[in-house]
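Quick note: the sequence shown uses my numbering, first residue 16, plus one each step.
Yeah, the Cβ is synthetic: ideal placement off N, Cα and C, and Gly gets one too.
See below for the structure under consideration.
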Amino acid sequence: MKIVDAAVVLTSPGRNFVTLKVETDEGVTGLGDATLNGREVAVAGYLREHVVPLLLGTDPHRIEDTWQSLYRGAYWRRGPVTMAAIAAVDIALWDIKAKVAGLPLYQLLGGASRDRVRAYGHASGRDLPELFDSVRALLADGYQAIRVQTGVPGLDRVYGVRSSPGGARPVVEDWDTAAYLRHLPKVFDAVRQEFGPDLPLLHDAHHRLTPSQAARLGKDLEPYDLFWLEDCTPAENQEGLRLVRGHTTTPLAIGEVFNTVFDYQTLVTEQLIDYVRSAVTHFGGVSPMRKLFDFAAQYQIKSAIHGPEDISPIGMAAAVHLDLAIHNFGIQEYSGHTELTNAVFPHAYTFTDGHLHPGEAPGLGIELDEELAAAHPYERAYLPINRLHDGTVHDW
Ligand code: GCO
Ligand code: MG
């Protein structure tokens, strides 16, 4: 079997997605997700100019060898653009292999370790009434675990609350760590009083705190029994998590901006976190994610694959196959996609009673409606940036 073509499709059915479609001489095709929010064209160019020419004529069954040759062969290692491009190839080749086998991908990863995969959704509100309505709406949709994000008095635009739409220039949001640290425990207190002790609650600090601030927040949130506190610090300095871990028992989740297992070495071997949160799409694909989960399992650390709306349904399908197969599954982030996005990417995975299942279609169980994709071309869009009251840029 040989790869005879590989096309890069940029489409914007409401938001941008980058897709790689790999074709073989036997008519079997595979799809991979290479979406990198705000930097889509860079990945598309990397794929078109530097990856597709190397794929033509190669055997799609040699997934590990192809991965290693793209990773090591570039000489320039790691980084989100490179790893998203490699991910798209890896995902597409797994799709092909599973289609040829006539099996859903999870069967090739060892088969199901569970019947279904618990997902969490995103609730948010500028104030408590709005937040409570948002939690109730998710419960009505069937969610059984909920991430809670809140407005902060004195701040106009805060991450996760009515997210600012991407525009041709980055929207500027504002930030005040002291106000946030004072306000957040009160919000969790109110949410617990309203929704009781059993509902798993999560929160994303989105890389904004120093280790000592994160340690204080973790301690302040302990009475509210969080499922996890996410991205409490930027974590580029992994050692910083020692301080956080030493001061709080609130579970910690990190990794959505990480690209390789090396970014986790200290966090995992010193058991400084409880969940690894990378996206299949940004971590080089299914193959390295599987290795990451096996590494993490030795330290009782579980999976929590990144699954925001900016991961395409292809990346989501790959995530759900992994979730079903691995033993150390933790939870899956899932906020769903718009109807139009689902029409561009019809898929076999389902969401019922707060749980996902990859379905039984051979491969990833996903298709691409190329005509509909072409009708919604790429539109330049950036993520917001964050500034303090005095104008200083802060982590977003
Ligand atoms: C999450 C993430 C996302 C990111 C987004 C950036 O936990 O889902 O923090 O909301 O901000 O993926 O493109
Ligand atoms: Mg996050």
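Residues that residue i bridges to, as DSSP identifies them
i	result
GLY479	Coverage of the chain is limited to positions 16 through 411, which leaves residue 479 absent and any answer about it impossible.
GLY136	ILE161
PRO185	Partner(s): none; PRO185 has no beta bridge.
PRO119	GLY378
VAL408	ARG402
TYR397	GLY182
Pair within 8 Å by beta-carbon distance, residue i and residue j
i	j	result
ILE106	ASP20	no
GLN159	GLY322	no
THR248	PRO226	yes
LEU170	ASP191	yes
LEU345	HIS362	First, the residue type needs correcting, since residue 345 is Gly and not Leu in the sequence shown. For GLY345 and HIS362, no; Cβs fall outside 8 Å.
ALA294	VAL259	no
VAL163	HIS222	no
GLY299	ILE111	no
PRO212	LEU236	no
GLY91	SER302	Reading off the sequence shown, one finds Trp at residue 91, where the question assumed Gly. It is not a contact, given that the beta carbons lie outside the stated cut-off.
VAL408	PRO373	no
ALA311	ASN343	yes
ASP142	GLY166	yes
TYR349	GLY136	yes
PHE360	LEU339	no
ALA134	VAL150	no
ILE320	LEU307	no
VAL58	VAL96	yes
GLY182	ALA390	no
HIS198	PRO238	no
PRO399	VAL176	no
ALA446	GLY378	Any answer about residue 446 is impossible in this case: the structure gives the chain only from 16 up to 411.
LYS17	GLY72	yes
ASP246	ALA220	yes
VAL37	LEU62	no
Three-state class that DSSP yields for residue i in the structure shown
i	result
ARG402	strand
ALA22	strand
TYR61	helix
GLU41	coil
PRO144	helix
GLN149	The question names Gln, but residue 149 is Ser in the sequence shown. Looking at SER149 - three-state DSSP - the assignment turns out to be helix.
VAL56	helix
ALA311	helix
LEU154	helix
Best match in the options for proximity to residue i [C-alpha to C-alpha]
i	options	result
PRO392	THR81, PRO28, ASP338 and ALA22	PRO28
ARG30	PHE344, PRO328 and ILE341	PRO328
THR353	GLN280, TYR239 and PHE32	PHE32
GLU285	GLY351, SER84 and GLY255	GLY255
ARG77	TRP109, ARG54 and GLU324	TRP109
GLN263	LEU244, GLN280 and ASN252	It is worth fixing the name first, because residue 263 is Thr in this sequence and not Gln. Of the listed residues, the one whose Cα sits closest to THR263 is LEU244.
ASP130	PRO168, ALA220, THR275 and THR365	THR365
GLN347	PHE242, PRO119, GLU385 and LYS114	PHE242
ALA376	GLY117, PRO68, THR26 and ASP240	GLY117
ASP410	GLU251, GLU64 and LEU71	GLU251
GLN325	THR356, LYS317, MET304 and GLN313	This sequence places Asp at residue 325; Gln is not what is there. Per the Cα distances, THR356.
GLY123	ALA155, PHE277, ALA333 and THR367	In the sequence on display, residue 123 carries Leu and not Gly. Comparing Cα positions, the closest option is ALA333.
GLY233	TYR86, ILE288 and MET304	ILE288
ASP80	GLN315, VAL104 and GLY270	VAL104
Contact with chain C by residue i, beta-carbon distance below 8 Å
i	result
ASP142	Absent from the structure: chain C. Only one protein chain is present.
Distance cut-off 7 Å: residue i Cβ against heavy atoms of ligand 3
i	result
LEU216	Ligand 3 is not part of this structure, which contains only ligand 1 and ligand 2.
Q: Please go through the stretch 219 to 307 and give each complete beta strand (DSSP E) segment of 3 or more residues, from N-terminal end onward.
A: Taken in chain order, the unbroken stretches of beta strand (DSSP E) that lie wholly in the stretch 219 to 307 and span 3 residues or more are 243 to 245 and 267 to 269.
Q: Note down, one range per segment and in chain order, each alpha helix (DSSP H) of at least 4 residues found wholly within the stretch 318 to 389.
A: Those alpha helix (DSSP H) runs which fall completely within the stretch 318 to 389 and span 4+ residues are 328 to 340, 354 to 359 and 385 to 389.
**Q.** Complete runs of the alpha helix (DSSP H) confined to the stretch 65 to 116 [at least 4 residues]
**A.** Taking only runs of at least 4 residues, the alpha helix (DSSP H) segments lying wholly in the stretch 65 to 116 are 67 to 70, 78 to 88 and 95 to 116.
Q: Run through the stretch 191 to 222 for me and flag every whole alpha helix (DSSP H) of 4 or more residues, listed as ranges in chain order.
A: Runs found: 192 to 210.
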